[in-house]
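Chains as they are written, first to last, in the numbering used here: chain A, 1 to 107; chain B, 108 to 318.
Following: one structure in structure tokens, then a few remarks.
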């Protein structure tokens with residue numbers, strides 16, 4: 001049994017309308033981010049809000065444009081949890097040290 | 108001779124008899140590359156965020172809303188538009204419409220080239236007019252230059268590789284050498300390049316707006 005022949009079978013994806021709607025959503029979030037930058041929030045608040053909005057955009061791109069929403073769950077489980085775990089490990093070093101160093105600065 | 112029990116075992120998704128992920132090896136390879144490249148960019152962006160927060164008052168803010176942020180927002184829209192044309196190319200390839208697939212892929216390449224052109228214009232402006240270099244700048248923490256040129260440069264390299272990759276696949280697909288799967292795998296790479304910019308733009312540009 002050829003796995004490739006098996007795999008290349010077309011699977012249903014999003015329609016053109018849905019993809020265009022996702023694109024409009026991505027552009028709208030981009031403008032929201034620019035608006036927030038214009039509002040002059042505190043850097044730590046700004047960083048948090050921007051990262052959350054970027055994660056939402058990444059989810060939209062991966063789900064629809066990169067088709068992950070329409071793939072088998074086993075593929076999603078192979079790729080996403082390990083990646084998120086590795087990124088979380090990077091943040092373990094980030095939070096206590098970044099804020100400690102910020103407070104140690106001479107004022 | 109086929110053993111019925113063995114055949115039944117091979118039919119199981121986790122036994123190796125079938126593709127457990129129901130995708131081809133090229134697509135799986137590209138996904139694994141994307142995960143590893145995501146971690147590369149994550150390390151860079153997280154270390155940047157660390158430096159950005161800890162150097163807060165001295166961190167240069169070289170991007171006024173107009174023209175710098177308006178310019179980089181235009182770059183973002185161009186890259187997003189090229190992702191949409193890539194989606195159209197993949198959809199056309201799945202209908203076996205070779206002419207439209209190549210047309211949408213060329214449109215994607217134009218988007219990529221336009222993005223690179225705009226980005227290089229911005230770099231030239233920063234280097235020659237505002238005197239920002241990798242090792243220093245007139246506004247504050249010298250680390251800014253290494254971070255800005257390092258991260259945006261690595262991303263721009265990905266865009267340029269993507270444009271070359273698109274060209275090779277478009278020609279090959281147009282001549283019947285490559286399949287719809289090759290176009291889809293190419294699309295995954297291109298969307299990844301777009302996805303990375305969705306983090307680079309807010310974190311690098313919007314965190315350093317000059318008021």
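Backbone N, C-alpha and C define an ideal beta-carbon position, used for all residues, glycine too.
- Item | Exposure label - residue 19 of chain A; buried when at least 16 CB within 10 Å | buried
- Query: Hey, does residue 171 of chain B have any beta-carbon neighbour from chain A nearer than 8 Å?
  - Reply: no
- Message: Suppose only complete runs of 4+ residues qualify. What are the alpha helix (DSSP H) ranges in the segment 140–165 of chain B, listed by chain order?
- Response: none
- Item | CA-to-CA distance, residue 37 of chain A to residue 45 of chain A, given in whole angstroms | 11 Å
- Query: Do you know offhand how far residue 282 of chain B's Cα is from residue 200 of chain B's?
  - Reply: 13 Å
- Task: Check whether the Cβ of residue 163 of chain B lies closer than 8 Å to any Cβ atom in chain A.
- Result: yes
- Check whether the Cβ of residue 81 of chain A lies closer than 8 Å to any Cβ atom in chain B. no
- Residue closest to residue 32 of chain A, alpha-carbon to alpha-carbon, out of B:308, B:318 and B:242: B:308
- Write down every uninterrupted run of the beta strand (DSSP E) in the segment 7–74 of chain A whose length is 3 residues or greater and which is fully enclosed by it, in chain order. none
- Message: If I follow the unbroken alpha helix (DSSP H) through residue 275 of chain B, where does it start and stop?
- Response: 250–281
- Could you name the residues of chain A that residue 145 of chain B contacts, counting a contact when the two beta carbons are closer than 7 Å? 83
- Near residue 203 of chain B, which residues of its chain fall below 8 Å by C-beta distance, leaving aside the five closest residues on each side in sequence? 287
- Task: Would you tell me roughly how many angstroms separate the C-alpha atoms of residue 63 of chain A and residue 34 of chain A, rounded to the nearest one?
- Result: 24 Å
- Starting from the beta carbon of residue 128 of chain B, find every residue of chain A whose beta carbon is closer than 7 Å, and list them in chain order. 72, 74, 75 and 78
- To the nearest angstrom, how far is it from the Cα of residue 94 of chain A to the Cα of residue 221 of chain B? 36 Å
- Message: Closer than 8 Å is the cut-off here; do at least three beta carbon pairs connect the segment 251–259 of chain B with the segment 301–318 of chain B?
- Response: yes
- Task: With 8 Å as the C-beta to C-beta threshold (strictly closer), list the residues of the segment 16–38 of chain A near chain B in chain order.
- Result: 16, 19, 20, 23, 26, 27, 30, 31, 33, 34, 36, 37 and 38
- Message: Under 8 Å, Cβ to Cβ, is there at least one residue of chain A near residue 108 of chain B?
- Response: With a pLDDT of only 47 at residue 108 of chain B, under the threshold of 50, the placement of this residue in the model should not be trusted, and no figure is reported.
- Message: In the DSSP output, which residue or residues are listed as bridge partners for residue 171 of chain B?
- Response: B:317
- Task: Give a yes or no on whether the minimum CB-CB distance between residue 245 of chain B and chain A is below 8 Å.
- Result: no
- Query: At which residue ranges does the segment 196–259 of chain B contain complete alpha helix (DSSP H) runs of 4 or more residues, listed in the order of the chain?
  - Reply: 205–231
- Item | Contacting residues, own chain, Cβ-Cβ under 6 Å from residue 193 of chain B (five flanking each side not counted) | 215, 294 and 297
- Message: Please classify residue 218 of chain B as buried or exposed, where buried requires at least 16 other C-beta atoms within 10 Å of its C-beta.
- Response: buried
- In chain order, what residues of the same chain have a beta carbon less than 7 Å from the beta carbon of residue 252 of chain B, not counting five sequence neighbours either side? 239, 240, 241, 242, 243 and 244
- Message: Give me the subset of the segment 186–214 of chain B whose CB atoms are less than 9 Å from a CB atom of chain A, sorted by chain position.
- Response: 187, 188, 190, 191, 193, 194, 195, 197, 198 and 201
- Answer with buried or exposed for residue 77 of chain A, where buried requires no fewer than 16 other C-beta atoms within 10 angstroms of its C-beta. exposed
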